[in-house]
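Read the structure below first, then the notes.
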Amino acid sequence: MNLSAIKSEHTVLGYPNITRCRTCFYEKGKRYTCQLLHGAWVVAICILGMAGCQSTLRGNAQENRDASYTGAADASLRALIGSSSGNDIVNRKRADITVVQLTFDIMRVALPIGTLSHSRKIWNHVDELAVDATRIALLARNGLRVGVASPDAWPAIRTVLVACDAEIRKDQFQSYGGLPLVIETSEITEMESFFAYGAGHRLTGKSFSQGKKLVTLDYIVYAAMGGLVDVKLSYEIRHDRGTMTWENINGVISPAPAFDRYVFEDLMTNVSISPGSMLILGPSDEAKNEYLVGSRFFMERRGGDRYEVLYMITPIMRKKLDHRK
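For the sequence shown, the residue numbers in this note's numbering are 128 to 452.
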């Protein structure tokens, strides 16, 4: 699903805690309105006698906008989110709530580089066409590689990891408050130069003496589509100034750390992850050039040994039906 195609925004009348709605999606010619709720849980609320709502969770905050709630979903959408149907919806004095929790399982894989790149064997089982073809070429030129592996590909990938004695570290991130998933690949401890090809094929460079190398994932999850997740990837250098500032976060003035950041904007990438599939990030063959972004983010040295680093990220959606009076 193309993030840029998401345009419409709505406000649900009578539910002031639902601050923003983000998107409409189309299925078999029908238009359904999606609501966005912020917090550790994403809640799809079927409004009594008015409408059925499809819940989504989004990984970055948007501006509050006043708009009217438009349209009413039919019984098929209500069935998708587990609500009642028919006269029961009109007569009941409470709403059925589908609570959706999104968790990311993250696996960091370090592969030793000997006479050949072991990661090539892994990419044989990854669908890189999940990314736009033009973007694939630009990423590859910058030493980066992105793709999606289906559940059926995991046994073959696991065999490769075992055969090449990969170092594996597992972690987990639970979505909270609409915050994006941020992965720190490494830290800059001395002057490092980063070179990147932009959309215009021009090579530019920038040097940093300190900061953290971060991969940021903004996301949307579509509960009615079984947990399809749209992700927007970005690569950045961030340096914490060591001071605090005040920011308006979801309408609340809260303290937040002040930091400087540099984002490689031309390398931002949109990708859709189907339920049960795994997003894979890592270096391309061009990462042998140690100054390219891909090498700086996904290659490392330990003593005299070199390693390629891949991240395997699996979104997991869990939901349950709750009844609130």
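Even for Gly, the Cβ is constructed at its ideal location relative to N, Cα and C.
{"Check": "Member of V227, V398, K415 whose CA lies at the smallest distance from the CA of I407", "Outcome": "V398"}
{"Check": "Distance between T286 and G354 (C-alpha atoms, nearest Å)", "Outcome": "27 Å"}
{"Check": "V436 classed as buried or exposed, judged by whether at least 16 other C-beta atoms fall within 10 angstroms", "Outcome": "buried"}
{"Check": "Whether W250 touches G270 by CB criterion (8 Å)", "Outcome": "no"}
{"Check": "Cβ-based neighbour list, K333, same chain, cut-off 6 Å, excluding 5 preceding and 5 following", "Outcome": "F321"}
{"Check": "Cβ pair V68, S422 closer than 8 Å", "Outcome": "The chain is shown only over 128 to 452; residue 68 falls outside these bounds and no answer can be derived."}
{"Check": "Residues bridged to P278 (per DSSP)", "Outcome": "Beta-bridge pairing links P278 to no other residue."}
{"Check": "Helix, strand or coil at N214 according to DSSP, with G and I counted as helix", "Outcome": "With a pLDDT of only 41 at N214, under 50, the local geometry of the prediction cannot be trusted, and the value read off the model is given with reservation. Helix, per DSSP."}
{"Check": "Nearest candidate by alpha-carbon position, reference T230, set G325, S302, V258, L288", "Outcome": "S302"}
{"Check": "Where the beta strand (DSSP E) containing R262 begins and where it ends", "Outcome": "Here R262 belongs to no beta strand (DSSP E); instead the alpha helix (DSSP H) covers 260 to 268."}
{"Check": "Own chain residues within Cβ distance below 8 Å of R428, not counting five before or after", "Outcome": "Y434"}
{"Check": "Residue from M405, I440, D393 whose Cα sits closest to the Cα of T261", "Outcome": "D393"}
{"Check": "Simplified DSSP state of R428, which is helix, strand or coil", "Outcome": "strand"}
{"Check": "Length at least 3, wholly inside the stretch 330 to 364: the beta strand (DSSP E) runs in chain order", "Outcome": "330 to 335, 338 to 349"}
{"Check": "Cut-off 7 Å between Cβ atoms - residues of its own chain near A293, not counting five sequence neighbours on either side", "Outcome": "V236, A237, L238"}
{"Check": "Delimiting residues of the alpha helix (DSSP H) encompassing K297", "Outcome": "Careful: K297 lies outside any alpha helix (DSSP H), inside the beta strand (DSSP E) at 294 to 301."}
{"Check": "The alpha helix (DSSP H) enclosing S320, as first and last residue numbers", "Outcome": "No alpha helix (DSSP H) contains S320, which is instead part of the beta strand (DSSP E) from 319 to 324."}
{"Check": "C-alpha gap between A414 and V289, whole angstroms", "Outcome": "23 Å"}
{"Check": "Length of the line joining the Cα atoms of V358 and V258", "Outcome": "11 Å"}
{"Check": "Boundaries of the beta strand (DSSP E) in which I315 is found, first to last residue", "Outcome": "308 to 315"}
{"Check": "Between the CA atoms of A283 and W373 - distance to the nearest angstrom", "Outcome": "49 Å"}
{"Check": "DSSP state of S401 mapped onto helix, strand, coil", "Outcome": "coil"}
{"Check": "Per-residue DSSP class, three states only, for G327", "Outcome": "coil"}
{"Check": "Exposed unless 16 or more other CB atoms sit within 10 angstroms - verdict on R272", "Outcome": "buried"}
{"Check": "Secondary structure of M439, DSSP reduced to three states", "Outcome": "strand"}
{"Check": "Sheet register partners of R423 (DSSP bridge)", "Outcome": "Bridge partners of R423: none, in fact."}
{"Check": "For I249, the first and last residue of its enclosing alpha helix (DSSP H)", "Outcome": "246 to 250"}
{"Check": "Residues of its chain near Y418, where Cβ-Cβ distance is below 8 Å and the 5 sequence neighbours each way are ignored", "Outcome": "S320, F321, F322, G332"}
{"Check": "Close beta carbons around P384, own chain, < 7 Å, minus the five adjacent residues each side", "Outcome": "D367, M371"}
{"Check": "Which of helix, strand or coil DSSP assigns to I172", "Outcome": "In this prediction, I172 has a pLDDT of 34, which is less than 50 and means its spatial position is unreliable; nothing more can be read from the coordinates."}
{"Check": "The ligand ADP heavy atom lying under 7 Å from the CB of S302", "Outcome": "This structure lacks the ligand ADP, and indeed carries no ligand of any kind."}
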